[in-house]
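2 protein chains.
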Amino acid sequence: MQPRSPSIQECPVGRAVETVGEWWSILILRDAFQGATKFDEFAQSLGIAPNILSRRLAHLTESGMFVRRRYNERPPRYEYVLTDKARDFFPVIVALLAWGNKHLAPKGASIVLANRSDARPFDPIVVDAADKQPITLANVIAVPGPRASRGMRARLASLKAMNPAVAPAGD
Amino acid sequence: MQPRSPSIQECPVGRAVETVGEWWSILILRDAFQGATKFDEFAQSLGIAPNILSRRLAHLTESGMFVRRRYNERPPRYEYVLTDKARDFFPVIVALLAWGNKHLAPKGASIVLANRSDARPFDPIVVDAADKQPITLANVIAVPGPRASRGMRARLASLKAMNPAVAPAGD
DNA sequence: TGAGTAACTTGCATTTTGCAAGTTACTCAT
DNA sequence: ATGAGTAACTTGCAAAATGCAAGTTACTCA
Numbered sequence: 226m227q228p229r230s231p232s233i234q235e236c237p238v239g240r241a242v243e244t245v246g247e248w249w250s251i252l253i254l255r256d257a258f259q260g261a262t263k264f265d266e267f268a269q270s271l272g273i274a275p276n277i278l279s280r281r282l283a284h285l286t287e288s289g290m291f292v293r294r295r296y297n298e299r300p301p302r303y304e305y306v307l308t309d310k311a312r313d314f315f316p317v318i319v320a321l322l323a324w325g326n327k328h329l330a331p332k333g334a335s336i337v338l339a340n341r342s343d344a345r346p347f348d349p350i351v352v353d354a355a356d357k358q359p360i361t362l363a364n365v366i367a368v369p370g371p372r373a374s375r376g377m378r379a380r381l382a383s384l385k386a387m388n389p390a391v392a393p394a395g396d
Numbered sequence: 226m227q228p229r230s231p232s233i234q235e236c237p238v239g240r241a242v243e244t245v246g247e248w249w250s251i252l253i254l255r256d257a258f259q260g261a262t263k264f265d266e267f268a269q270s271l272g273i274a275p276n277i278l279s280r281r282l283a284h285l286t287e288s289g290m291f292v293r294r295r296y297n298e299r300p301p302r303y304e305y306v307l308t309d310k311a312r313d314f315f316p317v318i319v320a321l322l323a324w325g326n327k328h329l330a331p332k333g334a335s336i337v338l339a340n341r342s343d344a345r346p347f348d349p350i351v352v353d354a355a356d357k358q359p360i361t362l363a364n365v366i367a368v369p370g371p372r373a374s375r376g377m378r379a380r381l382a383s384l385k386a387m388n389p390a391v392a393p394a395g396d
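Respectively, the protein sequence lines represent chains C and G. Its first residue numbered 226, the first sequence is counted upward by one per residue in our numbering. Its first residue numbered 226, the second sequence is counted upward by one per residue in our numbering.
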């Protein structure tokens, strides 16, 4: 977990990957979104060894994804509570789940997301907040933001296209 | 990369993580979406050692994310072309980028996504394809799909809620 | 003949991961 | 007051993954 090349550090995806770019972190967050808060809840649900869970929870807490809260004084008992930052990560999990269902569950899904009020299944897509237009490889382009370095600007300017060659199946 | 616990294997997020749940894979895909296709393009852009890049590309190719195509006979030269399966992964990268920009770039973004035709910046959100309603922790619930096992049904039925406690900042 | 280029592989040291077992700090029922 | 139970971890080591440097293959082109 240490790719400190500048081109990675400056990219929002590269930075995100430093916080959650380890598969246990994603799975821990998934469980947290499903309501897990206690050490042993995560441990049992994931089948993860306690030392590893301990390290991952510490890392996620340092990264501001969880707050470690003492919910019982004597004996001391702790719970891991999601922060707003972590809550904002939910769409990533949703997108990942949708992709997994489409491409990695050939015989049908095991879990689907549904509307809480009427139980109708959701079909998640990513759109622009303003006009609800889907964001696809075909209509998007990466441009330098206000904080882009000279190197980043050069890099983005030299992109062949944001619309790369795509092969048919392989699926 | 070997969490083979059944509760992970049966979850679409768990499966997804087996394919792309390694931070280099995400970064390689990011570069591919920006147009990279050749071994040395990835190597230079990422600052990744060639042996590791080789392993990752092989894994992603085996997983059906890339097709390895010979684009020159003599001397033999190869390129890695994204499959439809990989193209469908694009929304996940978009969601990750949006999250990274919001929470990991306090001084402003380095990269933003924009509309290719009018260059207006996109603000990506995840919505339901049918009614364009945002999918949030508050209005979503996880339900068993057609292929859910007995164990998965039990697990989903026993969820406290899909609306866990959330702490304020920590950010 | 000799320099250059693309796409890798090999060898080996370092780092990370993961299982099993042990620890701390209590409560509660006998 | 002893012993069982529970929650939340830590420690010790073995195994696996990662990462750098250097080498290899198979050509082209001046």
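Even glycine gets a Cβ: it sits at the ideal position worked out from N, Cα and C.
Query: Are residue 324 of chain C and residue 314 of chain G closer than 8 angstroms when you measure CB to CB?; Result: yes
Query: Among residues of its own chain, excluding the 5 on either side of residue 339 of chain G, which ones have a beta-carbon nearer than 7 angstroms to its beta-carbon?; Result: 345, 346, 347
Query: At a CB-CB cut-off below 8 angstroms, which residues of chain C make contact with residue 233 of chain G?; Result: 252, 271, 272
Query: Mind checking the region 347-358 of chain C against chain G and listing, in chain order, the residues whose C-beta falls within less than 7 angstroms of any C-beta there?; Result: 347, 348, 349, 350, 351, 352, 353, 354, 355, 357
Query: Does the Cβ of residue 277 of chain C have 16 or more other Cβ atoms within 10 Å, making it buried, or fewer, making it exposed?; Result: exposed
Query: Output the distance between the C-alpha atoms of residue 245 of chain C and residue 299 of chain G, rounded to the nearest integer angstrom.; Result: 42 angstroms
Query: I'd like to know if residue 263 of chain G contacts chain C, where contact means its C-beta is closer than 8 angstroms to some C-beta of that chain.; Result: no
Query: When the cut-off is 8 angstroms and only beta carbons count, does residue 299 of chain C lie next to chain G?; Result: no
Query: Kindly list the residues whose CB is nearer than 7 angstroms to the CB of residue 291 of chain C, restricted to its own chain and excluding five residues on each side of it in sequence; keep chain order.; Result: 282, 285, 305, 306, 307, 308, 311
Query: Report, in whole angstroms, the separation of the C-beta atoms of residue 321 of chain G and residue 367 of chain C, which I expect to be a contact under 8 angstroms.; Result: Not confirmed; about 13 angstroms, so no contact.
Query: If I follow the unbroken beta strand (DSSP E) through residue 369 of chain C, where does it start and stop?; Result: 365-369
Query: Kindly indicate if chain G contains any beta-carbon less than 8 angstroms away from that of residue 362 of chain C.; Result: yes
Query: Strictly by DSSP, which residues pair up with residue 317 of chain C?; Result: According to DSSP, which records beta bridges pairwise, residue 317 of chain C is partnered with nothing at all.
Query: Around the C-beta of residue 247 of chain G, are 16 or more other C-beta atoms found within 10 angstroms, so that it is buried, or is it exposed?; Result: buried
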